[in-house]
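The sequence shown maps to residues 3 to 169 in this note's numbering. All C-beta atoms, glycine included, are put in the ideal place defined by N, C-alpha and C.
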Amino acid sequence: LNNNRDTKTTTYTVVLATPTPPPKVQGVNISRGISNGSVSLTVSWTAVPGSGITYTVWYFTNSGTTAEPPSGALNVSGITGTSTTLNGLAQGTQYYIWVVAVSSDGKGPYSTRVSEITFTGPSQVSGVTVTPSSLNGSPTLNVTWTSPTGSGISYIVKYSTTNQASP
(Lines of atoms letter the chains of each structure in order from A and count residues from 1; the text may use other names and numbers.)
(Lines give C-alpha, C1' and ligand atoms only; values in the text may rest on other atoms or scores of the structure.)
Protein backbone atom coordinates (compact mmCIF):
# COMPACT_ATOMS: atom_id res chain seq x y z
CA LEU A 1 0.00 0.00 0.00
CA ASN A 2 1.51 3.30 -1.11
CA ASN A 3 0.20 6.37 0.75
CA ASN A 4 2.29 8.83 -1.24
CA ARG A 5 0.09 10.52 -3.77
CA ASP A 6 1.10 13.23 -6.15
CA THR A 7 -0.83 16.34 -5.37
CA LYS A 8 -1.48 18.91 -8.08
CA THR A 9 -2.55 22.43 -7.20
CA THR A 10 -4.43 24.66 -9.62
CA THR A 11 -4.79 28.36 -8.96
CA TYR A 12 -7.61 30.43 -10.45
CA THR A 13 -7.76 34.19 -10.54
CA VAL A 14 -11.27 35.59 -10.34
CA VAL A 15 -11.77 39.21 -11.30
CA LEU A 16 -15.00 40.70 -10.07
CA ALA A 17 -16.26 43.79 -11.89
CA THR A 18 -17.10 46.50 -9.43
CA PRO A 19 -20.12 48.51 -10.58
CA THR A 20 -19.19 52.11 -11.26
CA PRO A 21 -22.11 54.53 -11.07
CA PRO A 22 -22.05 57.57 -13.39
CA PRO A 23 -20.08 60.66 -12.34
CA LYS A 24 -21.56 63.85 -10.93
CA VAL A 25 -23.59 65.89 -13.43
CA GLN A 26 -21.93 69.23 -14.25
CA GLY A 27 -22.98 72.42 -16.02
CA VAL A 28 -26.56 72.63 -14.73
CA ASN A 29 -28.35 75.73 -16.06
CA ILE A 30 -31.89 77.01 -15.67
CA SER A 31 -33.96 79.28 -17.91
CA ARG A 32 -37.35 80.69 -17.00
CA GLY A 33 -40.45 80.61 -19.14
CA ILE A 34 -44.03 81.84 -19.05
CA SER A 35 -46.88 81.10 -21.44
CA ASN A 36 -50.52 82.04 -20.94
CA GLY A 37 -49.85 82.68 -17.26
CA SER A 38 -48.26 79.25 -16.69
CA VAL A 39 -44.66 79.44 -15.53
CA SER A 40 -41.93 76.89 -16.17
CA LEU A 41 -38.23 76.27 -15.66
CA THR A 42 -36.13 74.56 -18.31
CA VAL A 43 -33.19 72.70 -16.79
CA SER A 44 -30.20 71.70 -18.94
CA TRP A 45 -26.85 70.07 -18.15
CA THR A 46 -23.72 68.56 -19.67
CA ALA A 47 -23.99 64.87 -20.56
CA VAL A 48 -21.94 62.43 -18.51
CA PRO A 49 -19.89 59.72 -20.30
CA GLY A 50 -21.25 56.21 -20.59
CA SER A 51 -23.97 54.27 -22.31
CA GLY A 52 -27.51 53.72 -21.11
CA ILE A 53 -27.42 56.88 -18.99
CA THR A 54 -30.70 58.48 -17.92
CA TYR A 55 -31.18 61.49 -15.69
CA THR A 56 -33.47 62.44 -12.84
CA VAL A 57 -34.20 66.08 -12.03
CA TRP A 58 -35.29 66.82 -8.46
CA TYR A 59 -36.94 70.11 -7.51
CA PHE A 60 -38.32 71.67 -4.36
CA THR A 61 -39.27 75.07 -2.96
CA ASN A 62 -37.11 74.70 0.16
CA SER A 63 -33.37 74.34 -0.26
CA GLY A 64 -32.74 71.36 1.98
CA THR A 65 -29.08 70.50 2.09
CA THR A 66 -26.68 71.48 -0.64
CA ALA A 67 -25.75 67.83 -1.24
CA GLU A 68 -29.11 66.26 -2.05
CA PRO A 69 -32.82 67.02 -2.30
CA PRO A 70 -34.85 66.94 0.91
CA SER A 71 -37.62 64.50 1.66
CA GLY A 72 -40.76 65.51 -0.22
CA ALA A 73 -38.93 66.90 -3.27
CA LEU A 74 -40.58 66.18 -6.62
CA ASN A 75 -38.74 64.59 -9.52
CA VAL A 76 -38.86 63.84 -13.22
CA SER A 77 -37.01 60.61 -14.01
CA GLY A 78 -36.01 58.56 -17.05
CA ILE A 79 -34.81 61.60 -19.01
CA THR A 80 -32.61 60.43 -21.90
CA GLY A 81 -31.50 63.85 -23.17
CA THR A 82 -29.73 66.71 -21.44
CA SER A 83 -32.68 68.96 -20.66
CA THR A 84 -36.23 68.93 -19.38
CA THR A 85 -38.92 71.52 -18.71
CA LEU A 86 -40.71 71.66 -15.37
CA ASN A 87 -44.22 72.98 -16.05
CA GLY A 88 -47.08 74.16 -13.85
CA LEU A 89 -44.88 75.81 -11.25
CA ALA A 90 -45.97 78.56 -8.87
CA GLN A 91 -45.33 82.13 -10.01
CA GLY A 92 -42.66 84.15 -8.22
CA THR A 93 -41.37 81.12 -6.29
CA GLN A 94 -37.77 80.07 -5.77
CA TYR A 95 -37.10 76.48 -6.83
CA TYR A 96 -34.00 74.48 -5.87
CA ILE A 97 -32.89 71.89 -8.39
CA TRP A 98 -30.56 68.86 -8.41
CA VAL A 99 -29.73 66.56 -11.34
CA VAL A 100 -28.44 63.01 -11.01
CA ALA A 101 -27.24 60.53 -13.66
CA VAL A 102 -28.45 56.93 -13.42
CA SER A 103 -27.16 53.78 -15.14
CA SER A 104 -27.48 50.03 -14.67
CA ASP A 105 -24.50 50.38 -12.29
CA GLY A 106 -26.43 52.69 -9.98
CA LYS A 107 -27.08 56.33 -9.26
CA GLY A 108 -24.28 58.89 -9.39
CA PRO A 109 -23.83 61.77 -6.96
CA TYR A 110 -26.24 64.69 -7.08
CA SER A 111 -25.20 67.77 -9.02
CA THR A 112 -24.42 70.96 -7.18
CA ARG A 113 -27.73 72.54 -6.21
CA VAL A 114 -28.90 75.42 -8.40
CA SER A 115 -31.90 77.69 -7.94
CA GLU A 116 -34.09 80.11 -9.84
CA ILE A 117 -37.15 82.22 -9.13
CA THR A 118 -40.02 81.71 -11.58
CA PHE A 119 -41.55 84.61 -13.46
CA THR A 120 -44.46 86.46 -11.98
CA GLY A 121 -47.01 87.00 -14.69
CA PRO A 122 -48.65 90.39 -15.08
CA SER A 123 -51.95 90.99 -13.39
CA GLN A 124 -55.01 91.91 -15.37
CA VAL A 125 -55.39 95.52 -16.48
CA SER A 126 -58.09 97.52 -14.73
CA GLY A 127 -59.97 100.76 -15.21
CA VAL A 128 -60.54 100.29 -18.94
CA THR A 129 -62.38 103.23 -20.48
CA VAL A 130 -63.36 103.84 -24.08
CA THR A 131 -64.02 107.42 -25.13
CA PRO A 132 -65.33 108.41 -28.58
CA SER A 133 -63.27 111.08 -30.31
CA SER A 134 -62.20 112.09 -33.78
CA LEU A 135 -58.94 112.45 -35.66
CA ASN A 136 -58.83 114.61 -38.78
CA GLY A 137 -62.61 114.46 -39.03
CA SER A 138 -62.78 110.64 -38.77
CA PRO A 139 -64.42 108.99 -35.75
CA THR A 140 -62.03 107.18 -33.42
CA LEU A 141 -62.10 105.57 -30.02
CA ASN A 142 -59.61 106.43 -27.30
CA VAL A 143 -58.91 103.39 -25.07
CA THR A 144 -57.18 103.85 -21.70
CA TRP A 145 -56.49 101.54 -18.77
CA THR A 146 -54.58 101.27 -15.52
CA SER A 147 -51.38 99.35 -16.09
CA PRO A 148 -50.38 96.48 -13.81
CA THR A 149 -47.08 96.91 -12.00
CA GLY A 150 -43.93 95.33 -13.36
CA SER A 151 -41.44 95.83 -16.11
CA GLY A 152 -41.35 94.48 -19.63
CA ILE A 153 -45.14 94.41 -19.94
CA SER A 154 -46.67 94.77 -23.39
CA TYR A 155 -50.33 94.89 -24.37
CA ILE A 156 -52.53 93.35 -27.01
CA VAL A 157 -55.64 95.37 -27.75
CA LYS A 158 -58.36 93.53 -29.65
CA TYR A 159 -61.48 95.11 -31.05
CA SER A 160 -64.47 94.11 -33.09
CA THR A 161 -66.92 95.99 -35.30
CA THR A 162 -69.74 93.75 -34.09
CA ASN A 163 -71.43 93.64 -30.71
CA GLN A 164 -69.82 90.32 -29.68
CA ALA A 165 -67.16 89.69 -27.11
CA SER A 166 -64.05 87.92 -28.34
CA PRO A 167 -61.28 86.20 -26.42
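From the listed residues Val16, Thr48 and Asn165, the smallest Cα separation to Lys26 is found for Thr48.
Remark: C-beta atoms of Tyr98 and Leu91 do not approach each other more closely than 8 angstroms. Residue pairing by DSSP leaves Val127 without any beta bridge partner. Minimum Cα-Cα distance from Thr84 among the listed residues Gly110, Tyr57 and Pro72 corresponds to Tyr57. Ala19 carries a coil assignment under DSSP once its states are collapsed to helix, strand and coil. Rounded to whole angstroms, the Cβ separation of Gly108 and Pro23 is 4 angstroms, and the two are in contact under 8 angstroms.
By the Cβ-count criterion, Leu88 is buried, with 16 or more other Cβ atoms from all chains shown falling within 10 Å of its own Cβ.
When beta bridges are read from the DSSP output, Tyr61 appears opposite Leu76 and Ile99. Rounded to the nearest whole angstrom, the CA to CA distance from Val50 to Val104 is 10 angstroms. In this structure Leu76 is exposed. Its beta-carbon is surrounded by fewer than 16 other beta-carbon atoms within 10 angstroms. Residue pairing of Ile36 in beta bridges, as defined by DSSP: Val41. Comparing alpha carbon positions, the residue from Trp147, Ile155, Thr142 and Pro111 closest to Thr163 is Thr142. Under the criterion of beta carbons closer than 8 angstroms, Thr95 and Thr63 qualify as touching, at roughly 6 angstroms. Looking from the CA of Gly54, the closest CA among Val159, Ser106 and Ser136 belongs to Ser106.
Contact annotation: Trp100 and Pro71 have beta-carbon atoms nearer than 8 angstroms.
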